[in-house]
Every structure is written in structure tokens, then in C-alpha cells.
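Notes follow the structure.
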Amino acid sequence: MRDPQAHAQRKRILGRSLTAVRADQEMTIRRLVELAISQIKTEAEDGRVDVYKWWRCLAVDVMTEMAFGQSFDLLESGGQDSPVFKALEKVNMKVMLQAILPEVLMSPLKWSPIAWVRDVVCCTEVMFGHVMAALGELRHSPKCNTTMLGRILSEDNSKSRQTALDDDEMGSEAAMMIVAGSDSTAATLTYAVWEVLRHPILRQQVEDEVAALPSDFTAKEVEALPLLSTVLEEVLRLYNPTGAPVERLVPPSGISIDGWDIPGGTTVYTQSWLLSRLEEVFPQPEKFDANRFTNPTPELKRAHVPFSIGSRSCLGMNLARMEIRLALALFFRECRGARLHHNMTDDVMTQVGEFFIVPKGGRCDINVP
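The numbering used here applies: residue -14 is where the sequence shown begins, and numbers increase by one.
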């Protein structure tokens, strides 16, 4: 959505509903995180476990629980035989095809004789179908007023006729939230586990820090942990999952940036992935430094915008940070002594993707004692 006024109106509607259900978020996220950790430990009993898979299941279930009051139950199934899970795996490929092919050539591919091509082209339709079904159930659910989308559905039409979203708009927003909030969160959690387990001394320090938390620790208590916090920020810097260029339109009056005059109406691209690698701000930018954010400079703070900034900043960034912190704290507390499986190499974890940046191998295998 490139129109500033339309975007601001849409963000107000969604932001209002998200704020209204915020009080219940931590309890819901904690419950789902505990289930994810339990599944990780159970699968690890067979020798190894792919944490990337479970983090993706967690992220989808958190987003759908927030939106609809019930999850898609990916944590129960591990994503096996789930159309939603399979569709999410193909979103990056569809984005790549859309960047290459015009719509007139994309549409006929729905009937391609090649199964994986059909699946890629139809992945967003599959997601939208499940979202619309969940919206239909939400209308008759006693949880309607306690969910993000339910709050929008139940708004007084006489007061919100100009601002409420119709079903298709809500469905599109819900599908986008699930896609944006699942791949990005799962990738961040996966790379955090990858980097901490690669550094034995750091792993020991993180495990000791989270072990000192009380058994009923809160998200606020996790947020106050200095080492885990700096590790998270460095992961968000080095492995920012939203690496795709984002289009912006220069205002009619034009703009001057660092000596460059850009005419009004020009399409420009912002790129947080490159910004996070400015060597004058982040010395040795390709190196993972768990202490980089211990005493950040003003320039570092200004350049570190993993969730974007201003009116286009991520609506769910506080939710994402809470989910990631709780998941990492519980993982390193409950899976103490975890190690990377011997098949894990730098090549497997190389970042790839067109919209969301994810591990090249599509997995992150670990052993849990």
C-alpha cells in the first residue's frame, strides 16, 4: 500500500485492535512457546531436531491465535500435511517469480503440468482460503471480542463506517500478518540459536543468565537480561530477515539526501540489510559480535532499524520481540547443553531469499542432551 493516507488509516485500525488485546498476549505466547520447547525436546529424543521447523510452527500459531483466537495447530502436528505450512514454504519462490514475470504470464501457471510450479503460484490463494475460513468461524466465536480481528469485526458500524475493513481487506491483512510475522520471527530465532551454539563460551553465559530467572519469569524480566538482549540485537542486525528492497515514492516536492537531489515522483528503495553493514558504524560488519550493542553509539542506534522506522515501522514489532525473547529464554533454560548437529555447516545456514531471508538449507538441526 503506497498511498500514505490509506496506509495511515489502515495502520490506525489494525494498531487499535492490536492494542486492545495486548493484555492477554504474554500469557498466550508463553503457553505456545512452552509447547514448542516441549516438541523440540521430544523430537530430540530421536537423535536430532530441526529447530527451524518448530520455530516456524510457533510463529504461525502465535499469529493465528492473536488474530482469530485459535491457532492453526501447527505445533501439534509439526506442520506435517498442513496446507498452510506448505504454502508458507513457497512464498519466497512466488515473490521471485512475480519479480520476473508479469501477471499475464503468472496466472496460466496455475494449470502447469509441473506440480511444484502449481503449488508455488497458488500458495497465496491457499493461505487466503484458510484465513477466510478462520474469519468465518471467528464471527460466531465467544472469543470474537478478545482477538485482533474480532475487535474490528465487532466495532460499531455507525461509528466506524469510514474506517472499518471489509472481509476481503481483513483477509488480506491477516494473510500478510501471518506471512510477515512467521518467516521473519522463525528466521531470527533460528539464527540466534545457530550463533549461540556456535560459540561454547557464549552458550554457557546465556544458559547461566536465563537459569537465574525465577520459574514464573515474565517478559519484562527477560527483556532486562543484558546478554540475551545484546545477542538478539546483533542477530537482528546480521541476519535481518526482511532483506528485500521496499519501494517508496519521493514526495512531489522532491528531496535532497547526502548531496543527492532526487526529483519528486521517483521510486526509491530502502534497504535495511545494507544499512546494517555500514563499516563506519558497525566495525567488522560480517562478524557476529555478541557485545556490539552493550554500549551502542548514537550512530549505531540510528542505523539499527530491524523493524523499519517512522510511519512504516512494523506494527507487530513489540509482539515479535516478546515472542523471540520468551522463546530464547525458555529454549536455553530447558535445552541446556544443546549442540549443533554435525551436519550443520555455514553453507546450510547461508542466507537466501527474495522477500524474507531464510537459511539456504531450510533447516537447523541440533542435539539436546
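Glycine included, every Cβ here is placed at the ideal spot set by N, Cα and C.
Contact annotation: the stretch 193 to 200 does not touch the stretch 55 to 62, with fewer than three C-beta pairs closer than 8 angstroms. Between the beta-carbon of residue 41 and that of residue 177 there is about 14 angstroms, and that puts the pair past the 8 angstroms contact cut.
Its chain contains 44, 48, 301, 305 as the residues whose beta carbon lies nearer than 7 angstroms to that of residue 166, once the 5 sequence neighbours on both sides are disregarded; these appear in chain order. Counting of Cβ neighbours within 10 angstroms places residue 90 among the exposed residues, the total staying below 16. Setting aside the 5 residues that flank it on each side, residue 153 has no residue in the same chain whose C-beta is closer than 7 angstroms to its C-beta.
For the pair residue 311 and residue 207, the CB atoms are nearer than the 9 angstroms cut-off. Secondary structure note for residue 124: its alpha helix (DSSP H) is the uninterrupted segment 108 to 124. Apart from sequence neighbours up to five positions away, the residues of its chain that approach residue 253 with a beta-carbon distance below 7 angstroms are 233, 235, 247, ordered along the chain. Beta-bridge pairing by DSSP links residue 234 to 252. Listed as beta-bridge partners of residue 325 by DSSP are 351.
About 7 angstroms separates the CB atoms of residue 123 and residue 132; that is less than 8 angstroms, so the two are in contact. Separation of the CB atoms of residue 111 and residue 159 is rounded to 14 angstroms, and the pair is thereby denied contact status at 8 angstroms.
Three or more Cβ pairs closer than 8 angstroms define a contact, and the stretch 210 to 230 meets that threshold against the stretch 274 to 288. In the DSSP assignment, the residues bridged to residue 245 are 242. With a minimum length of 3 residues, there is no unbroken run of beta strand (DSSP E) contained wholly in the stretch 19 to 66.
Per DSSP, reduced to three states, the secondary structure at residue 10 is helical. A distance of 9 angstroms or more separates the beta carbons of residue 51 and residue 204. When secondary structure is reduced to three states using DSSP, residue 266 falls in the coil class, being assigned neither helix nor strand. Distances from the alpha-carbon of residue 326 to those of 220, 35, 188 put 35 closest. Closest by C-alpha distance to residue 27, out of 164, 179, 63, 290, is 63. Residue 324 and residue 38 do not touch by the CB rule: their CB atoms are close to 18 angstroms apart, not below 8 angstroms. When C-alpha distances from residue 223 are compared across 155, 289, 318, the shortest belongs to 289.
By the neighbour-count criterion, in which 16 or more other beta carbons inside 10 Å mark a residue as buried, residue 12 falls on the exposed side.
For residue 71, the closest alpha carbon among the candidates 237, 101, 86, 93 is that of 101.
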